[in-house]
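Here the structure is laid out as structure tokens; the discussion comes afterwards.
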Ligand code: NDP
Ligand code: BG6
């Protein structure tokens, strides 16, 4: 199957922070791939902005290096690469200054009627200056969009303040708050699986589901991101956004339409239904220690001491009719055994076994949606072991990935940013967070961080599954975490 490409109308994309890590690793390669796949229209203009004094050619060389490093094999197509680089311009500008905005305006002549997106790939302290700067420079109109990267604040109060800053210059339908997890293929498949099939919905509740596990485990540590990460930690960096968004997609009611506000209304209801997490046994915080050849978090972050957690495991409760009694176990951590991100829906055991003990035990059915490192959807079943020898029960995995059947196994899976940047241009906010969602997530997180921020996290070995207490969190409930399978 060939991916269906719907070209977008010519647009202007201004990337503030165009020389930074995110722009080089994700945005420039994502835009290149969209051109390579035929989605970028003739006449699209991409303008990079940062303080560094350089001309357009020097920036194009920098973009070419980013493609070499992060663009993969398809970035070697010289014809498309040249065309892509010709699309790019650069304007040196300190966004905190009043100077230089005219040069940006001059780089974008005849923009009337065009979609113009401002991508804020800079530290949040610059968001207000940029929102005001583009407005005062006369660069905005009804077709403008502003794209904001996480962190969207560090607590409820700062998130409200940020939302206020943007609301002063843009309508909510012009504000695109990125959570790149929502652009991942399997995350969208979760919605297709739930809402395009009648099969699972009758079972999707506390009568049939025992519990849900959401894991985002990383092998990497914080490396050079210590200054950002220290004082933020896994709760604010990962749980408040990525993991809660995944939880919302599992737990939400079917929206009436696959349309931005219908989807976001349902996610918001889930966030507001989260019960306050007050049981100290329902939360485990960890920090990676040093291990063979592995610096500790304190070394990575260049801190003498810190209570910042690099691992968190918790038991959340969605207090509504559908999910009453179904725990949602969330865990995320850095420097863990392997890179695994998945959502696992664990169904209840069959109510009664008709088979003799000698047949073996039927395992619980598990629907697992793997986001990383490979995308996969699998259903764990119990079957009869083939062949003679009586009724012997055996576990079997029903692979529902379907990539082979759809002929998509050789297809390059687009990075989340490719999908999300093009959604911005199309003006489709379905996969972006609304301001009230972000605030509701912070309200739940704030109550937890206020209680535990000052407590020292338990140390765990790099390359492990986190602190032992995390295992206990499940064991106490008679359950266990799914294996972090080494890749
Ligand atoms: P970097 O520090 O690598 O880049 C920051 C960019 O901002 C540089 O291009 C810098 O260029 C520019 N900049 C700094 N000050 C100014 C200024 N006064 N005027 C104009 N430009 C300025 O950050 P990242 O790329 O890592 O992150 C950018 C944003 O994205 C942050 O909010 C981050 O939290 C978020 N994010 C990043 C992720 C990542 O993987 N890197 C993942 C998710 C979110 P110069 O110094 O030349 O001005
Ligand atoms: C970012 C976090 O939002 O997501 C990082 O700030 C984390 O700390 C990253 O490493 C993980 O994203 P992915 O797509 O690699 O799972």
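In the working numbering, the protein residues as written are 240 to 726.
We treat Cβ as the ideally placed atom computed from N, Cα and C, and that holds for glycine.
Extent of the continuous alpha helix (DSSP H) to which residue i belongs
{"i": "residue 326", "result": "Looking at the DSSP string, residue 326 is not in any alpha helix (DSSP H), and its letter there is neither H nor E."}
{"i": "residue 366", "result": "366-375"}
{"i": "residue 344", "result": "340-345"}
{"i": "residue 676", "result": "674-691"}
{"i": "residue 660", "result": "655-665"}
{"i": "residue 271", "result": "267-275"}
{"i": "residue 425", "result": "424-434"}
Backbone CA spacing between residue i and residue j [nearest angstrom]
{"i": "residue 412", "j": "residue 283", "result": "22 Å"}
{"i": "residue 320", "j": "residue 536", "result": "39 Å"}
{"i": "residue 683", "j": "residue 702", "result": "30 Å"}
{"i": "residue 301", "j": "residue 258", "result": "8 Å"}
{"i": "residue 721", "j": "residue 679", "result": "29 Å"}
{"i": "residue 404", "j": "residue 368", "result": "9 Å"}
{"i": "residue 576", "j": "residue 723", "result": "7 Å"}
{"i": "residue 340", "j": "residue 510", "result": "40 Å"}
{"i": "residue 631", "j": "residue 450", "result": "27 Å"}
{"i": "residue 716", "j": "residue 710", "result": "10 Å"}
{"i": "residue 681", "j": "residue 461", "result": "22 Å"}
{"i": "residue 328", "j": "residue 255", "result": "12 Å"}
{"i": "residue 608", "j": "residue 429", "result": "7 Å"}
{"i": "residue 638", "j": "residue 278", "result": "31 Å"}
{"i": "residue 351", "j": "residue 289", "result": "24 Å"}
{"i": "residue 357", "j": "residue 249", "result": "15 Å"}
{"i": "residue 531", "j": "residue 574", "result": "12 Å"}
{"i": "residue 443", "j": "residue 473", "result": "29 Å"}
{"i": "residue 386", "j": "residue 245", "result": "21 Å"}
{"i": "residue 425", "j": "residue 336", "result": "42 Å"}
{"i": "residue 714", "j": "residue 554", "result": "12 Å"}
{"i": "residue 546", "j": "residue 696", "result": "6 Å"}
{"i": "residue 660", "j": "residue 331", "result": "23 Å"}
{"i": "residue 360", "j": "residue 622", "result": "50 Å"}
{"i": "residue 521", "j": "residue 344", "result": "53 Å"}
{"i": "residue 490", "j": "residue 482", "result": "12 Å"}
{"i": "residue 436", "j": "residue 275", "result": "33 Å"}
{"i": "residue 584", "j": "residue 542", "result": "39 Å"}
{"i": "residue 524", "j": "residue 478", "result": "12 Å"}
{"i": "residue 674", "j": "residue 626", "result": "58 Å"}
{"i": "residue 408", "j": "residue 287", "result": "22 Å"}
{"i": "residue 533", "j": "residue 480", "result": "28 Å"}
Which residues DSSP lists as bridging residue i, in chain order
{"i": "residue 620", "result": "635"}
{"i": "residue 287", "result": "254, 329"}
{"i": "residue 569", "result": "453, 553"}
{"i": "residue 699", "result": "527"}
{"i": "residue 300", "result": "Beta-bridge pairing links residue 300 to no other residue."}
{"i": "residue 615", "result": "609"}
{"i": "residue 385", "result": "357, 414"}
{"i": "residue 575", "result": "703"}
{"i": "residue 244", "result": "Answer by DSSP bridge pairing: none, since residue 244 is not bridged."}
{"i": "residue 448", "result": "586"}
Delimiting residues of the beta strand (DSSP E) encompassing residue i
{"i": "residue 607", "result": "605-611"}
{"i": "residue 404", "result": "Where residue 404 is concerned, there is no enclosing beta strand (DSSP E), although the alpha helix (DSSP H) it sits in stretches over 395-406."}
{"i": "residue 415", "result": "414-416"}
{"i": "residue 357", "result": "354-359"}
{"i": "residue 581", "result": "579-586"}
Interface flag, residue i vs chain B, CB-CB below 7 Å
{"i": "residue 305", "result": "You won't find chain B in this structure, because it holds only one protein chain."}
Quick one: complete alpha helix (DSSP H) runs, 4+ long, within the stretch 453-536? 465-468, 483-490, 499-512
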